[in-house]
Each structure stands twice: as C-alpha cells, then as structure tokens.
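Under the numbering used here, the sequence shown has 1298 at position 18, and the numbering climbs by one with no breaks. One structure below.
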Amino acid sequence: MSRRRQIYEGKAKILYEGPEPGTLIQYFKDDATAFNAQKKGTINGKGVINNRISEYVFTRLSHIGIPTHFIRRLNMREQLVRQVEIIPIEVVVRNVAAGSISKRLGIPEGEPLPHTLIEYYYKDDALGDPMIAEEHIACFGWASNEEMQDISSMAIRVNDFMVGMFAAINIRLVDFKLEFGRIWDGDYSRVILADEISPDGCRLWDMVTGEKLDKDRFRRDLGGEEEAYQEVARRLGLLDTDNGPSEVFDLSKHRKLRGK
C-alpha cells in the first residue's frame, strides 16, 4: 500500500486522501461499537464483509438510478469513493418496530409498522445523536427543503429496493441507517448517498427463524457476530458456502504501512 494522508477516522472506517482530487479511500475496520461507543469490541473480519456487502448494495442501487459516492472496490478492505460534504443527519428507515422506537413508544419488538417510517437524528457523538424533526433541520440550516425532499425520496426508493432484495434471500429488512452528502459543481450542489450499507447499520432478521443477522448480536451479547455477517454475505452470493473472508488485514500493520 502506498502512504496516503489520513483525513478522518470514525468508529468503523478510516478515510484517506484519494489518488485524484475529489476522491477518498474508505477503509473498513473490524472495530465494533454500540450505545454511542460506550461499548467497544472487535468482530473479526467485519471490515472485509462490510466492504463487500456495501459494494454490492451500492452497485445495485446505482443500477436503479440512486446516485452514490461509491466508485469501485480497491481490495478486501478498501474502496474508492467520491469526496462529499456530509450532511449532519442520520436517516433511519423503519419497517418493523425494534430498538429505540420500541423503547420510546412501547411498541413490541417485531411488530410491523402501519407504514414505512423515516426518522432523523443529528450526527453528534457528544450529544448522543439526538432525534430531530424536519423543523430543526430547516431552522438550523443543516439541509434545505429541496435537499430534504431528495433525501426522503431516495430513502423510500432505497427501502423499497432493499426490502425486495433481502426478502429474496429470506431476510427481513427491519430498519436501517443512511447518510447523505453534497457534491459540488461550481455553485450548484446535489445530494448523493454516502457512507455504507451493511449489517453494521441494518437490522436483518431471518424470515423463518427470526435470528438476528446484524450488529444487534454484538449490542445484546448474543455471540456469533462473525457467523451472522458471513451468513448475510453468503446469501447475497459474496462468499463461498463453506468459506469466510479469504483475507483479513491487521489494522496496526495497516497503519504502519500508511505512515501513521
């Protein structure tokens, strides 16, 4: 690996400057966090799996006209992406009650919602990513009304597509998180899908057994996290039936190669 300047390190990924202006290299870590990073751990091989799954989903979404930051996968843990100005809003799309909505509203986990629900959260770890309304977004100028229309429209289209994609492999898409960013052309900007889509940010349940195939296994100390992530990748056709990831990078070695 060539040495490149680190731009940002988050809980699950590292961003490096890309080979061309306007690009970044996104590196997927094995680090796992929950409850706003109060719980920390490692899921061996998670970064490899998430890189492959996110590549697959973003590629398929681009085929139905969803603009994304994804350009191409570079290796087992890295992908080349467009550099965007991240909009500081997490968009959560819910089809079934689970997690925080069950706790907040007393809805039994697993109960289908009357219709798909979109929630917004302000991206700020220090504040615990508080839930916000569209009025907050407009008031503080985090996104324009036109941008929010694009975001909500894309979120529904992504949900419609992914519900079908996962149902085809007997997985129930309970809910998931999206992030969006702006790309600029002079004074004009447009919103595109950014970050990743993987079992880190989706609740995925087996449609027959109800088994959790996502990061809830880590959050709730259920165990079997590696196997759950690999099972999602296997069903998507990204892994051989009997084999896990063929290559797992060591993060400390990776940082030395990057000159950190």
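Where a beta carbon is used, it is the ideal one built from N, C-alpha and C, also for glycine.
Open item on the list: What would DSSP say about Met1434, mapped onto helix, strand or coil?
Closed with: Annotated three-state conformation of Met1434 is helix, per DSSP.
Open item on the list: Going by DSSP, what residue range makes up the beta strand (DSSP E) through Arg1340?
Closed with: Unbroken run through Arg1340 is the alpha helix (DSSP H), Lys1326 to His1343; no beta strand (DSSP E).
Task: Other residues of its chain near Glu1527: CB distance less than 6 Å, five sequence neighbours each side excluded - done: Summary for Glu1527: the model assigns pLDDT 43, below 50, so the residue's position carries little reliability; its value from the coordinates is reported in the next sentence. So the qualifying residues of the chain are Met1356.
Task: Burial state of Ile1329, where buried means 16 or more other Cβ atoms lie within 10 Å - done: buried
TODO: Any chance you could list the beta strand (DSSP E) runs of at least 3 consecutive residues sitting entirely within the region 1464–1525, in chain order?
DONE: 1468–1474 and 1482–1486
Open item on the list: Check this for me: beta carbons of Glu1491 and Ile1323, under 8 Å apart or not?
Closed with: Contact flag unset, no.
Open item on the list: Looking at the strands, I want to know which residues DSSP matches up with Met1411.
Closed with: Looking at the DSSP assignment, Met1411 forms a beta bridge with Tyr1401.
Task: Three CB pairs or more closer than 8 Å across the region 1438–1457 and the region 1480–1487 - done: yes
- [ ] With Arg1352 as the anchor, note down where its beta strand (DSSP E) starts and where it stops.
- [x] Phe1350 to Arg1353
TODO: Check the C-beta distance from Glu1365 over to Gly1298 and give it rounded, since I have them as a contact under 8 Å.
DONE: The C-beta distance from Glu1365 to Gly1298 rounds to 15 Å, too long to fall under 8 Å, and the pair is not in contact.
- [ ] Name the residue from Ser1424, Ala1418, His1395 and Asn1425 whose alpha carbon lies nearest to the alpha carbon of Asp1455.
- [x] Closest option to Asp1455, judged by alpha-carbon separation, among Ser1424, Ala1418, His1395 and Asn1425: His1395.
Open item on the list: DSSP three-state label for Gln1359, please.
Closed with: Strand at Gln1359.
Task: Beta-carbon proximity list for Ser1532, same chain, < 8 Å, skipping 5 on both sides - done: The predicted position of Ser1532 is uncertain, since its pLDDT is 48 and thus under 50; no value can be drawn from it.
Task: Cα-Cα separation, Tyr1307 to Gly1327 - done: 8 Å
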